[in-house]
Amino acid sequence: MGSETTAAPIRLAILEADTPVPGVQAKYGSYGGVFTHLFERACAALAPAPQPLASVLALSAHDVVRDPSAYPDPEAVDAVLISGSKYSAYENDEWIVRLVQYTRRCLETGRVRVVGVCFGHQIVGRALGAEVARNVRGWEISVTQCELSDEGKKIFGLEKLAIHQMHRDAVFTLPPGAVALARTDVCAIQSMYAPGRFLTVQGHPEFTADMVSEILEMRRYGGILGQDIFEDGMRRVSDKQDGVKVAQAFLRFLRDEKLSELEVQNSSST
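Residue 342 in this note's numbering sits at position 41 of the sequence shown, and the numbers go up by one each step.
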């Protein structure tokens, strides 16, 4: 009698590039907990049947800001996810430079896949030589509508993408071999993809209305956001958004499922 082989969970290391705001920290702990919550919801909504998170991903969390020794050995993981951050990916703080170097090392293995979210999206860009800088067009905050390219529609399974934003830095040029998946009038590179290598988004699929409301309140109180920007963000904070769909695209990418015609063509040419 034959037996079916079950694929082992993908070993995904979450590189925490910041500490959540107090309310989020009280509920989820670190950003590792926030992304665990996102992937739990993504696995619960998988078609044709839900799957438990533990059967899909083996998650670990690593504080790369405060602990230089926190990085996992690339040989011990299948993929890394770089979180968002209040810091700027183009700065040369020691821990940021170290993160850029580690990201480049992972990508150079040809085996370890990289997912980038917001700051993480920008770190991937910097690691591969793209231009990353402050966006003179200013902030994008709260639930924002993004226009998808044809590749983006295939990869995310959507006609348009609604996603939480919290940034005024941006990637301005595509790294070699990358395609842009999404854009807005404020930020032309909202998502980047290279088959088998990386998938990144400028937005925050992990954020919920409660999380973003607290961040907006804190940034208004701290003078980072003006009243008009704050009120605009609060008006959209509870709009429908596609964070779970984005997380499911991450899962397909990590599980090596064909995401688009681009990946099929690359496979057939090797």
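Ideal placement from N, C-alpha and C gives every residue a C-beta, glycine not left out.
Fair warning: this is a prediction, and the values are worked out from it, not measured in the lab.
How big is the Cα-Cα spacing for residue i and residue j?
i    : j    : result
V378 : D529 : 44 Å
A350 : Y372 : 34 Å
A390 : P353 : 34 Å
D543 : A463 : 5 Å
S443 : V513 : 7 Å
T485 : S450 : 11 Å
T320 : C407 : 23 Å
V502 : A308 : 27 Å
C447 : Q466 : 10 Å
E341 : S331 : 16 Å
W522 : S492 : Correcting the residue type first, residue 522 is Tyr in the shown sequence and not Trp. Distance between the alpha carbons of Y522 and S492 is about 30 Å.
V437 : A359 : 40 Å
R537 : L500 : 26 Å
Tell me, please, which residues DSSP counts as bridged to residue i.
i    : result
S492 : A483 and V502
V472 : V433
L449 : A483
From what residue to what residue does the alpha helix (DSSP H) around residue i run?
i    : result
Q402 : E395 to T410
C288 : The requested residue 288 does not occur in the structure, where the chain is confined to residues 302 to 571.
G421 : F420 to A428
A550 : G544 to L555
V513 : A510 to Y522
A327 : P323 to Y329
Where do the ends of the beta strand (DSSP E) carrying residue i lie?
i    : result
V459 : Position check: residue 459 holds Leu in this sequence, whereas Val was assumed. L459 -> no beta strand (DSSP E), and no H or E assigned at all.
E376 : Note, E376: premise wrong, no beta strand (DSSP E); not H, not E.
S361 : L358 to D364
I315 : I311 to E317
Any idea if residue i is buried or exposed, counting beta-carbon neighbours within 10 angstroms, 16 or more meaning buried?
i    : result
I456 : buried
G411 : exposed
A550 : buried
S370 : exposed
S356 : exposed
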